[in-house]
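With the sequence shown counted from 1, adding 13 to any position gets you this note's numbering. For reference, the structure is listed below as structure tokens.
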Amino acid sequence: MGANPPPHFETEGTNMKFCQILATTKLCHMANEEIAARQFHTAHLNWGKVFRGEVKRVWDPRFDPNDYEVIHAQLTGDTLDAVREIRRRITGNTLLVVNPDYSIDSWNIYGHHIETIFDVLNCADIIFGQCYATVEFLRAQMRDREIYYCPHPVDTRWLANHAKTYSSRSKEDVIIAVHRDNERFTPHWVLRGSKLENVQKLVTHMVGWNGESTDLSHKIYDHVFPRLTNPEVIDKLYRNAFCIIDHYSYRVQGRTAMEAAGLGVPYFAWDTCDVAAYCYPELVARPGDLGHHTAMLEDLINDVDFAAEVSASAKEKIEFFGFEECEKRFRGMIDAHQGKDSSGSNNGSPA
């Protein structure tokens, strides 16, 4: 995986009749409320905001997929049958676009019947992956299908409006992000490995610990928070942080990385995270390379100009994952499927 994203389609889009499908009525209501209110969110629901579309439950008998130009389904364990049902109901020119939800590191969530996943993917007119590793994996597994790279969009304007300048942010608060893997002790080793006196003044805030009785990582950090909503964690913690350390080892696009970059907060991550590799090339490392992260942390502390440069560069680069650029890539997939000419495209291939 390289740090430079691939070229993307340059298309002039017009509004399309776009619909996303979710598994439950409750989720659909919540999603449509978020879209209508333009509430901040970094997940796939942003596609509804980009295309001013709506979210429907596929099992609603009043839902006719032929009323839309594009139906988009993010493939989870509870939407497998929904995608097949949509395929069965489509009788016109509606395009069915599907992307797998989970990192390939956690495809076990789909269950024991792995071949079912590929049967469902083949129901789609267009298949894309939102991270490089998923695209490469699907291309190796589905050689007879075109697989596109199309990252999920983030609302960079919202983030910019909530960002604080580098000079006004804390120089002491370090955020430790926790995910479903077990990389929650390693940020401590980064801090412990530094010999700078200033490191002793840093205050650590671990976000995402759910009180597991067998997990003692919360005992080594100063403050512990449960999982918070996107706006809440951004306003309370991220926007004022000196840096964020997120040692998520799964191969992902990187929601937290998008939030950090939009805020201009330095972000330490493994190079398995696409957004981090692109927006923070100096601060990513191979999984387990704690020495590199310790050295980069010391550079951030010692060199104000370097820290400000990292911050400014990330805020500029995150626009690659903004609404406008992602809309172009999504429309580009449709153009390619329909045989239209899109200048400068490489079929959305990862670099």
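Backbone N, C-alpha and C fix where the C-beta goes; we use that ideal spot for every residue, glycine too.
As the crow flies, the alpha-carbon of I139 is around 37 Å from that of N223. Counting C-beta atoms within 10 angstroms of its own C-beta, P74 has fewer than 16 neighbours from the protein chains shown and is therefore classed as exposed.
N112: not part of any alpha helix (DSSP H); member of the beta strand (DSSP E) spanning L108 to P113, first to last residue. Here the alpha carbons of R51 and A298 stand approximately 35 Å from one another. In this structure T285 is buried. Its beta-carbon is surrounded by 16 or more other beta-carbon atoms within 10 angstroms. Q87 is bridged by DSSP to N112. Secondary structure at R156: coil, using DSSP grouped into helix, strand and coil. A325 has its alpha-carbon roughly 40 Å from the corresponding atom of R156. Put simply, the backbone Cα of K232 is about 40 Å away from that of L93. When Cβ pairs closer than 8 Å are counted between the two stretches, the segment 64-74 is seen not to touch the segment 106-113, the count staying below three.
Secondary structure at K69: strand, using DSSP grouped into helix, strand and coil. Using a 10 angstroms sphere on the CB of R101, the tally of other CB atoms stays under 16, which defines it as exposed. Taking a C-beta distance under 8 Å as the contact criterion, G206 and L313 do not qualify as a contact pair.
Under DSSP, A298 takes part in a beta bridge, and its partners are W283. Residue A176 holds the alpha-carbon nearest to the alpha-carbon of A273 among F53, E47, A176 and T227. Between G277 and A327, the C-beta spacing is below 8 Å.
Note: H236 is bridge-paired with H218 in the DSSP secondary-structure output.
Residue burial is scored here from C-beta neighbours: G352 has fewer than 16 other C-beta atoms within 10 angstroms and is therefore classed as exposed. Close CB contacts of E47 within its chain, under the 7 Å cut and outside five residues either way in sequence, are with H54 and L58 (chain order).
CA-CA distance, A95 to N79, rounds to 15 Å.
Taking 8 Å as the cut-off, the Cβ atoms of K30 and E98 do not count as close.
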